[in-house]
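**Student:** Below is one structure. I have some questions about it.
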Amino acid sequence: MLGLYDQTQLREYYVDFDVGPRVHFRLGKQEVAWGETDFFHPTDLINGYDYRWRSFLERDNDELRKPLIMANGNFDVPALNGSLQLLVRPGIDQLADIGNTYDLSGGRWAQQPNKGIDFLAPGGLTTNYRHRYGNATDVTGGARWTGIWGSANYAISYLNTYHPDPIVNSAFVPWGEKPKGRLGDFIFPKMNVFGASISNEIPAIGSVVAAEVAYQNNVAYNVGSNFLDGALPGFGGVMTKDVVVTSLRIDKQLRLMQLLGTSEDTLTSLQLFDTWIQNFHDSDDLVYQAGYGKKAKRHTTLLTGFFTLNYMNSRLNPGLAAGMDVTNGDAFVIPSVEYKVGNHWRFLAEADIFFPRHQKYPGQIEQSMGPLGGFANNDQFMIRATYQF
């Protein structure tokens, strides 16, 4: 267990160089972020995240991203007020560098009710990074055009990548090939993502509005909400669906200096996210994740928002973020306060508090726990000190 947390790695190493004034390259192990949001990711699917370090939302999420070895080229096109980015991942990373990594060994970030349960113990479930539908050594990559149209910033993109969250290739109903584990294998199937985004300031409401849409082709879902009488939900096989993921964000600066005594305007943001499964039928019996019996819905909608106050010339910054899974009834709040000391030191205190509508108990057969229900009994409190050089 300690080996999961006591690891040393060289996270990023790359070289930057230019070919003339308009062509820029970065070669090596790196992170690349696409899209308009840090919360949920319609198109930001290039790098996975290692949630064994910290589960749920991390404001400095570059610390959780899993860098990949890539060739990253940017080509400026001034005549069109834009630039083209091309990415090629040759597939020479460590196998475990693709997709999201979760605590499946029962450690401190394991979901409810799985603390102390090692799903990767020999003989049960394994992780197969060389599945015929998701081979980590395959070449993947994408292209993204970003530009300015009038006063708006826009982007269109294509990405061939891996499903960020693992699904189960069940030993009872194999998909593509027979799994190695007695119960099945965790796999990361490949998918294609076509995305577009736009952001612009709207003076009439004094806000910046950003919208993003992604058409995700061949997204793999586990099926079987009541498989083996509910003992192994999601182990009834795999079905692929096309999915439309959308986000809408409104950012506004509020002048609360006289009301709250802040030293400058207060940034507020409201975001709406929706996942829409195409050609959806309830009889498909899709589940949100293997091991939990809750059926996936045609639409899963989340609403989030936050604000940050500024005191002492922005040295003291309390804030509050909150969100709700409108479809399933789960919610969370994140109060925080940051204090800046001089030019180098930053201190942050933060609490993540969850309000699941339903949760799963050890040994329980259930069909009601939504995606955020795994955070039941997993409230978090963090204090962080950072020295900036």
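For the sequence shown, the working numbering assigns the number 1 to the initial residue and increments by one for each residue that follows.
Using N, Cα and C, we set each Cβ at its ideal position, and we do this for glycine too.
Note that the coordinates shown come from a computational prediction; the quantities given were computed from them, not determined experimentally.
1. Output the boundary residues of the beta strand (DSSP E) element that contains glutamine 380.
2. Entirely within the stretch 113 to 163 and at least 3 residues each: give me those beta strand (DSSP E) ranges in chain order.
3. For the candidate residues Leu57, Glu31, Phe307 and Tyr162, whose alpha-carbon lies nearest to that of isoleucine 250?
4. Quick check on glutamate 63: does DSSP put it in helix, strand or coil?
5. Using a 10 Å radius around the Cβ and a threshold of 16 neighbouring Cβ atoms, would you call methionine 257 buried or exposed?
6. If you draw a straight line from the C-alpha of glycine 237 to the C-alpha of glutamine 9, how long is it?
7. With distances taken between CB atoms, is the gap from aspartate 103 to arginine 52 smaller than 8 angstroms?
8. If contacts are defined as beta-carbon pairs under 8 angstroms, then tyrosine 129 and alanine 121 qualify, I think. What distance do you get, rounded to the angstrom?
9. Assuming phenylalanine 347 and alanine 321 make a contact with CB atoms under 8 angstroms, what is their CB distance in whole Å?
10. Among all the DSSP beta bridges, which residues are the ones paired with proline 179?
11. In this structure, does DSSP put aspartate 352 in helix, strand or coil?
12. If you follow the alpha helix (DSSP H) that glutamine 258 is part of, which residue opens it and which one closes it?
13. For leucine 267, which option in Gln253, Phe280 and Asn217 has the closest C-alpha, if you only look at C-alpha atoms?
14. Closest by CA to aspartate 18, which one among Lys294, Glu12 and Leu27?
15. So, with DSSP's three-state summary, where would you put glycine 293?
16. Taking all protein chains shown into account, do 16 or more other C-beta atoms lie within 10 angstroms of the C-beta of phenylalanine 381, making it buried, or fewer, making it exposed?
17. Just verifying my parser: in three-state terms, what is the DSSP assignment at alanine 96?
18. State the Cα-Cα distance for the pair valine 243 and valine 219, rounded to the nearest angstrom.
19. Can you give me the start and stop residues for the beta strand (DSSP E) that threonine 101 sits inside?
20. Name the residue from Tyr215, Asp265 and Phe280 whose alpha carbon lies nearest to the alpha carbon of threonine 43.
21. Going by DSSP, what residues sit across from methionine 324 in a beta bridge?
22. When burial is assigned at 16 or more other CB atoms within 10 Å of the CB, is serine 151 buried or exposed?
23. So the candidates are Asp50, Gly73 and Val32; which of them puts its Cα closest to the Cα of glutamine 7?
24. Is DSSP giving proline 318 helix, strand or coil here?
25. Please state whether DSSP places leucine 10 in a helix, a strand or coil.
26. Please state whether DSSP places phenylalanine 375 in a helix, a strand or coil.
27. Checking the sheet assignment: what are the DSSP bridge partners for isoleucine 198?
28. With distances taken from CA atoms, which of Gly20, Gly323 and Val223 is nearest phenylalanine 280?
29. Which residues in the same chain have their Cβ closer than 7 angstroms to the Cβ of asparagine 114, if we skip the five residues on either side of it in sequence?
30. Can asparagine 100 and leucine 87 be called in contact, C-beta distance under 8 angstroms?
31. Pull up the distance between the alpha-carbon of proline 164 and that of isoleucine 98, whole angstroms please.
32. Alpha carbons only, please: which of Ile205, Arg315, Arg108 and Leu159 is nearest the one belonging to glycine 374?
33. Taking the beta strand (DSSP E) that arginine 110 falls in, what are its first and last residues?
34. If phenylalanine 40 sits next to leucine 302, beta carbons under 8 angstroms apart, how far is it from one beta carbon to the other, in whole angstroms?
35. How is aspartate 282 classed by DSSP in three states: helix, strand or coil?
36. From which residue to which residue does the beta strand (DSSP E) around arginine 89 run?
**Tutor:** Checking against the coordinates, here is how it stands:
1. 380 to 387
2. 125 to 127, 140 to 149 and 152 to 162
3. Phe307
4. helix
5. exposed
6. 36 angstroms
7. yes
8. At roughly 19 angstroms, the Cβ-Cβ gap does not stay under 8 angstroms, so tyrosine 129 and alanine 121 are not in contact.
9. Not quite, the Cβ-Cβ distance comes to about 18 angstroms (not below 8 angstroms), so this is no contact.
10. Beta-bridge pairing links proline 179 to no other residue.
11. strand
12. 257 to 260
13. Gln253
14. Leu27
15. coil
16. exposed
17. helix
18. 7 angstroms
19. Note, threonine 101: premise wrong, no beta strand (DSSP E); not H, not E.
20. Tyr215
21. Leu303 and Ala331
22. exposed
23. Asp50
24. strand
25. coil
26. helix
27. Tyr154 and Ala211
28. Val223
29. Gly106
30. no
31. 8 angstroms
32. Arg108
33. Note that residue 110 corresponds to alanine in the displayed sequence, not to arginine. No beta strand (DSSP E) holds alanine 110; DSSP gives it neither H nor E.
34. 7 angstroms
35. helix
36. 82 to 89
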